[in-house]
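Residue numbers (my numbering): 4 to 390. Where a beta carbon is used, it is the ideal one built from N, C-alpha and C, also for glycine. None of the values given here were measured: they were computed from a predicted structure.
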Ligand SMILES: Cc1ncc(COP(=O)(O)O)c(C=O)c1O
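So this is what it looks like as structure tokens:
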């Protein structure tokens with residue numbers, strides 16, 4: 004059996020290779036501190052769990068959902084008021100089975116083989132994989148090493164002419180950067196000038212620290228004419244395994260994605276939709292609480308790594324630390340050796356694109372004592388191997 008050329012052009016999942024190395028360690032009775040996957044460890048809101056349990060006891064909730072409950076669309080529209088954005092619940096909201104669902108089907112919806120999509124480098128891997136699966140071509144948007152903003156000026160004019168889609172992601176996975184308003188305004192202007200679909204992945208919209216206000220792309224005047232924004236309940240409400248998210252914005256673009264999805268899936272399990280509606284509409288102190296928990300972990304991890312001889316830049320948002328490898332070592336051998344010899348699993352920057360090389364990403368999805376232990380092991384290992 005031979006997989007398709009379409010599949011063969013994708014790299015083997017780095018996450019999977021690291022998982023095998025972690026498994027080998029555990030088989031030997033050794034532990035693993037897993038900082039490699041951004042899977043939230045905090046609990047979902049209790050009212051969401053209650054709504055899910057209540058619905059799960061009703062046999063009628065087990066039919067195909069087919070489409071979203073109208074209350075879900077209304078709940079998203081109300082939630083988006085916090086970003087200063089008004090949405091028409093019927094035309095400007097599309098439910099997804101996770102934003103990965105939407106992002107992976109995006110290129111199939113909008114690109115023909117040979118078309119060009121601009122994606123951030125480094126960037127979240129599904130952008131690249133989705134474009135390649137559609138037979139389209141990826142062109143990188145270089146990310147400035149200092150400001151962590153996209154360097155639109157570095158994109159050649161002929162690439163702008165060919166591009167049909169541009170994807171941005173703020174707060175960013177992996178760099179943890181927040182967009183400046185100027186970046187988003189420029190992106191909207193460029194999308195209009197070059198007649199391309201602008202896509203913003205806003206999955207970490209609620210994990211922004213130090214009192215900074217997150218900016219929705221749709222709050223930029225004129226954005227809705229050219230742009231859609233993805234957001235998710237995975238990180239905001241710790242519902243990552245429940246698989247529910249949404250896209251908002253340009254009605255024509257959402258209608259196209261809705262059409263593709265109507266051929267692929269039958270909607271999100273109704274009890275999960277009920278949980279999401281409860282999460283989006285119930286007043287909750289968890290937004291601030293989570294920001295405080297992640298910010299405290301961030302501070303502890305940065306401090307502990309600094310003490311361990313690995314100074315790192317403090318992330319402004321997300322649950323990720325984006326750190327240069329000591330001495331700029333290649334990220335994959337570094338991450339693999341670190342995992343095998345200390346049990347600390349981090350993600351090699353190369354998994355996020357060629358400009359991610361020389362970096363690793365650490366997810367602070369553990370309590371502070373565990374993060375300190377990870378830093379302690381890293382420090383001892385660095386002293387042993389790198390002087
Ligand atoms: C930037 C970014 N976008 C999208 C996703 C996927 O989220 P979801 O659980 O909604 O599919 C993730 C998950 O880690 C992410 O980091």
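Who are the Cβ neighbours of residue 189 in its own chain at under 7 angstroms, not counting the five residues just before and after it?
155
Classify residue 264 as buried or exposed, calling it buried when 16 or more other Cβ atoms lie within 10 Å of its own Cβ.
The C-beta of residue 264 has 16 or more other C-beta atoms within 10 Å across all chains shown, which makes the residue buried.
Sorted by chain position, which residues of the same chain lie with C-beta nearer than 8 angstroms to residue 12's C-beta, five sequence neighbours on each side aside?
135
Helix, strand or coil for residue 195? Go by DSSP, reduced to three states.
helix
Could you tell me if residue 115 is buried or exposed, where buried requires 16 or more neighbouring beta carbons within 10 angstroms of its beta carbon?
exposed
Apart from the five residues on each side of it in sequence, which residues of its chain come closer than 7 angstroms, Cβ to Cβ, to residue 325?
Excluding sequence neighbours, residue 325 sits near 177, 178, 179, 318, 362, 364.
From the DSSP output, in three-state form, read off residue 3 for me.
Any question about residue 3 goes unanswered here, given that the chain covers just 4 to 390.
Compare the C-alpha of residue 376 against each of 311, 327, 334 and name the closest.
311
Using only the alpha-carbon positions, how far apart do residue 323 and residue 295 sit?
Their Cα atoms are separated by approximately 15 angstroms.
Just mark residue 276 as buried or exposed, buried being the case when its beta carbon has 16 or more other beta carbons within 10 Å.
buried
Taking the C-alpha atoms as reference points, what is the distance between residue 110 and residue 342?
When the Cα atoms are used, residue 110 and residue 342 turn out to be separated by approximately 34 angstroms.
Whose C-alpha, out of 316, 388, 314, 366, is nearest the C-alpha of residue 340?
Closest option to residue 340, Cα to Cα, is 388.
Span of the beta strand (DSSP E) holding residue 249?
248 to 252
Return the chain-ordered ranges of every beta strand (DSSP E) run that is complete within the region 136 to 182 and spans a minimum of 3 residues.
140 to 145, 166 to 172
Compute every distance between the C-beta of residue 51 and the non-hydrogen atoms of ligand 1, then say whether any falls below 8 angstroms.
no
Is it the case that the Cβ atoms of residue 107 and residue 234 are separated by a distance below 9 angstroms?
no
Under the criterion of a Cβ to heavy atom distance below 8 angstroms, does residue 272 qualify as lining ligand 1?
no
Spatial neighbours of residue 119 within its chain, please: C-beta separation below 6 angstroms, excluding the five flanking residues on both sides.
140, 142, 165, 166
Skipping 5 residues on each side, what residues in its chain have a beta carbon closer than 7 angstroms to that of residue 327?
361, 362
So is the beta-carbon of residue 326 under 8 angstroms away from any non-hydrogen atom of ligand 1?
No - ligand 1 has no heavy atom lying nearer than 8 angstroms to the Cβ of residue 326.
Less than 8 angstroms between the CB of residue 246 and some heavy atom of ligand 1, yes or no?
yes
Are the region 209 to 221 and the region 69 to 80 in contact at 8 angstroms, needing three or more beta carbon pairs?
no
With burial defined as no fewer than 16 other Cβ atoms inside 10 Å of the residue's Cβ, what is the status of residue 269: buried or exposed?
exposed
Is any beta-carbon of chain B found at less than 9 angstroms from that of residue 100?
Considering every chain present, this structure includes no chain B. It has just one protein chain.
Residue 333 lies in the beta strand (DSSP E); which residues open and close that run?
Counting along the chain, residue 333 falls outside any beta strand (DSSP E), and DSSP gives it neither H nor E.
Return yes when the C-beta of residue 71 is under 8 angstroms from any heavy atom of ligand 1, and no when it is not.
no
Could you pull out every residue in the same chain whose Cβ sits closer than 7 angstroms to the Cβ of residue 183, ignoring the five residues on either side in sequence?
These residues qualify, in order along the chain: 152.
Tell me whether residue 104 counts as near ligand 1, meaning its Cβ is closer than 8 angstroms to at least one heavy atom of that ligand.
For ligand 1, at least one heavy atom lies less than 8 angstroms from the Cβ of residue 104.
When the Cα of residue 204 is compared with those of 236, 192, 357, 185, which residue comes out closest?
236
If the criterion is Cβ atoms closer than 9 angstroms, does the pair residue 145 and residue 191 meet it?
no
Report the residue from 247, 193, 88, 185 whose alpha carbon sits nearest the alpha carbon of residue 206.
247
Any contact of the region 284 to 300 with the region 45 to 60, i.e. 3+ C-beta pairs under 8 angstroms?
yes
Given that a residue counts as buried once 16 or more other Cβ atoms are within 10 Å of its Cβ, and exposed if not, what is residue 30?
Result: exposed.
Pull up the DSSP beta-bridge partners for residue 103, would you.
Answer by DSSP bridge pairing: none, since residue 103 is not bridged.
State the start and end residues of the unbroken beta strand (DSSP E) segment that holds residue 392.
Any answer about residue 392 is impossible in this case: the structure gives the chain only from 4 up to 390.
Could you pull the start and end residues of the beta strand (DSSP E) that residue 362 belongs to?
362 to 366
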